[in-house]
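Per my numbering, residue 2 is the first one in the sequence shown, and the count goes up by one each step.
Below is one structure, written out as structure tokens, with a few remarks after it.
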Amino acid sequence: MTAASLPSSKPGGLKRLVERHPFLPALVIAIVLLALNGLYQPRSVSFAGITGLTKTYLALMMLAIAQTYVVYAGDIDLSAGAIVSLVNVVIVVTMEKLGGSGFSVVAALGIGLFVGLACGIINGIVVAALRLQAIVATFATSIFFTGLALYVMPVAGTPAPAAFWRTYGGRFFEIPFVYFAVALLAIVLYVLARTRLATQLLAVGDDAQAAYQSGLPVTKTRVQGYALCGLFAALAAFCITGDTASGDPLVGGKMTLFSVAAVVLGGSALSGGFGTVVGSIIGALIIGLINSLVFFVGTPSEWQNLVQGLAILVALMAGILVGRRARA
């Protein structure tokens, strides 16, 4: 390699690296935010601090993953947060009706997964099979799912059984339970990444017409993407129920747009065909770190939402600009 060729090879290598791992700009932003959190509150980067952050934002990470699978195919799900709310109240009410025993917890979680899957399939049929615009159709189903959640639990505050939330916030072999959940999540994502579905979703998002002409079942693939979204939304509901220890028919209301922001922060394209679930997880972590930093710097409560929104916007712009420069 000559000295003359060296400058051109480095940018090319960086371009290939970012194209292969589009979450790298988000990872850099997350590391910077983590360092800033540690600067203002050293305990936030301790083992206990990281555990608390993970426990609090694992639900958003799950929902960001859920959103990613529909975004892969160029779709979007504005009902994801409503599904979280519905599953949350369903499992809390089920556990309460069955007495709060270990069996009731297992039964409630099974029912919750079924509810999430059913909601996802409904979205998939409405969007893919009936060919309605995803943003409008899922906005409509979000209202429907929220109405169901309010029917199941008209008023927030029904407590979850102690066996459930103590497990979520507890330890096994001196290791916080949340890390077992993260390990299981990593295994599930690894398996999903090795299936044809992830590749098919990306192919549909990249060029649906070409995917159809190549023999790919486009409608079925999009429905499966929404079904996966529903399942991960149910998992997000399990996490938020364990964290809040109660039922709330509106608990997922703000989470939908946060999940979309996390997907974009992680480097995925809302137009479809490009992105990673790892990036979406990092994007959710960025949102959590921003919220923590806003609190640690002592921002007045009346200004916190404004500052959080601006910080997320800056992080989003920084990630996009870095990604574009690296791929240029």
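Even for Gly, the Cβ is constructed at its ideal location relative to N, Cα and C.
Keep in mind that this is a model prediction, so the values were computed, not measured.
Neighbourhood of residue i by C-beta, 6 Å cutoff - its chain only, sequence neighbours within 5 removed
i: T95; result: A109 and I112
i: S102; result: none
i: A135; result: D76, I77 and V128
i: A235; result: V88, G113, L114 and G117
i: F233; result: M63, I66 and A67
i: F140; result: L79
i: Y41; result: F297 and V298
Residue i, DSSP secondary structure in three states
i: R44; result: helix
i: I144; result: helix
i: V315; result: helix
i: R21; result: helix
i: P26; result: helix
i: F174; result: coil
i: S293; result: helix
i: S357; result: Absent from the structure is residue 357, since the part of the chain shown begins at 2 and ends at 329.
i: S260; result: helix
i: S215; result: coil
i: S272; result: coil
C-beta contact flag for residue i and residue j at 8 Å
i: N89; j: A238; result: yes
i: T57; j: D249; result: no
i: Q305; j: V295; result: yes
i: S45; j: T142; result: no
i: F178; j: G171; result: yes
i: G50; j: I84; result: no
i: S105; j: T147; result: no
i: T277; j: P23; result: yes
i: A27; j: I321; result: no
i: A209; j: V219; result: yes
Rounded distance between the beta-carbons of residue j and residue i, thought under 8 Å
i: N124; j: F297; result: So it is not a contact: roughly 38 Å between Cβ atoms.
i: A67; j: S260; result: 7 Å
i: G82; j: G253; result: 4 Å
i: L190; j: A204; result: Not quite, the Cβ-Cβ distance comes to about 19 Å (not below 8 Å), so this is no contact.
i: G274; j: G206; result: 4 Å
i: A74; j: T222; result: 7 Å
i: Y70; j: L202; result: 6 Å
i: V107; j: V153; result: Not a contact, Cβ separation roughly 20 Å.
Other residues of its chain near residue i: CB distance less than 8 Å, five sequence neighbours each side excluded
i: L317; result: A262, V265 and L266
i: S247; result: V93, A157, G158, T159, P160 and A161
i: I330; result: In this structure the chain extends from 2 to 329, so residue 330 is not present and cannot be described.
i: T300; result: V308
i: P155; result: P250
i: Y180; result: T52 and T55
i: A312; result: I291, L294 and V295
i: A130; result: T220 and V224
i: E175; result: none
i: F173; result: F181
7 Å CB neighbourhood of residue i in its chain, flanking five on each side removed
i: T290; result: Strictly speaking, residue 290 in this sequence is Leu, with Thr absent from that position. Cβ neighbours of L290 beyond the five flanking positions: A31, L34, L35 and N38.
i: A319; result: I30
i: L193; result: A199
i: A285; result: Y58, L61, M62, A65 and A263
i: I241; result: A60, V85, N89 and V252
i: I283; result: F24, A27, L28, A31 and G267
i: G100; result: none
i: E97; result: T159
i: A4; result: Its pLDDT being 42, under 50, A4 is placed unreliably in this model, and the coordinates cannot settle the point.
i: V72; result: V264, S269, L271, G273 and G276
i: L133; result: V127
Practice task
Just list the alpha helix (DSSP H) runs in the stretch 39-119, keeping only unbroken ones of 4 residues or longer that don't cross its boundaries, in chain order.
Solution key: Complete alpha helix (DSSP H) runs here, min 4: 48-73 and 81-98.
Exercise for the section: Return the chain-ordered ranges of every alpha helix (DSSP H) run that is complete within the stretch 195-247 and spans a minimum of 4 residues. Expected result: DSSP assignment within the stretch 195-247 yields the following whole alpha helix (DSSP H) runs of 4 residues or more, N-terminal first: 197-207, 209-214 and 219-245.
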